[in-house]
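K.L.:
Counting with numbering that gives the first Met the number 0, you get residues 0 to 161 for the letters of the sequence shown. Have a look at the structure that comes next, please.
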Amino acid sequence: MIANDDVGAVLDGYAQPRREHLIPILQEVQDRQGYLSQEAMIRIGERLHLPASKVYGVATFYNQFRFQPKGRVHCTVCRGTACHVKGSLALLETIKRMLKIDAGQTTRDGAFSLEVVACMGACGLAPLVTLNEEFHAAVSVDSIQRIIRKQLKASEADARAK
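Listed below in structure tokens is the structure:
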């Protein structure tokens, strides 16, 4: 069951929800939950009289939607032209290897998630990586390894403290 029935609250905001409301509904549910769960897509489909496969198909078409909750540390890698030219692919591959996840995934323990974006609009700072919206500019493979190792240690310490 979804906490506070976010899906129901969103759907109740539409007097007569119809197919053309699908994307705004998906956006609102993701804003409330942080992602689109399978349960949410099924419920949305039922209310709009659409098969869940259609809802999922629309959601997966747009890269704005995520299907797993963000990790406690959400890492975003810019892959815009300036960042690409300055080595963001190597950064992305390093982060994926260190966290053992692909872009769009969250680690099993929920500690980290990884997202790739087309451009952060800060090309003069390329290559750019954010961790929980903290910007790291002109990042190198060495510096991202240090940053990720520091975050991994902090996450392990938090897990031990619990």
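Note that CB positions come from ideal geometry on N, CA and C, so glycine has one too.
Let me check one thing: in DSSP terms, what residues is Val-6 bridge-paired to?
P.N.:
In DSSP, Val-6 forms no bridge with anything.
K.L.:
So for Ser-139, helix, strand or coil by DSSP?
P.N.:
Coil at Ser-139, not helix or strand.
K.L.:
Is the beta carbon of Phe-111 closer than 8 Å to that of Val-76?
P.N.:
No. Outside cutoff.
K.L.:
Relative to the ligand FMN, is the shortest distance from any of its heavy atoms to the C-beta of Ile-41 smaller than 7 Å?
P.N.:
Ligands are entirely absent from the displayed structure, and the ligand FMN is therefore not among its contents.
K.L.:
Does the pairing of the stretch 80-91 with the stretch 46-53 give three or more beta-carbon distances under 8 Å?
P.N.:
No: the two stretches stay apart, fewer than three of their Cβ pairs being nearer than 8 Å.
K.L.:
With Val-138 and Cys-74 assumed to form a contact (beta carbons below 8 Å), what rounded beta-carbon distance in angstroms separates them?
P.N.:
Between Cys-74 and Val-138 the Cβ distance is about 11 Å, and since that is not below 8 Å, they are no contact.
K.L.:
Which of helix, strand or coil does DSSP assign to Leu-127?
P.N.:
It is coil, neither helix nor strand.
K.L.:
Could you spell out where the beta strand (DSSP E) holding Ser-112 opens and where it closes?
P.N.:
Segment 111-116, the beta strand (DSSP E) holding Ser-112.
K.L.:
Contact between the stretch 142-149 and the stretch 99-109 is defined here as three or more beta-carbon pairs at a separation below 8 Å; is this criterion met?
P.N.:
No, they do not touch.
K.L.:
Spatial neighbours of Cys-118 within its chain, please: CB distance less than 7 Å, with the 5 preceding and 5 following residues excluded, ordered by chain position.
P.N.:
The residues are Cys-77 and Gly-79.
K.L.:
When the Cα of Leu-35 is compared with those of Val-6, Gln-15 and Glu-45, which residue comes out closest?
P.N.:
The shortest Cα separation from Leu-35 among Val-6, Gln-15 and Glu-45 belongs to Val-6.
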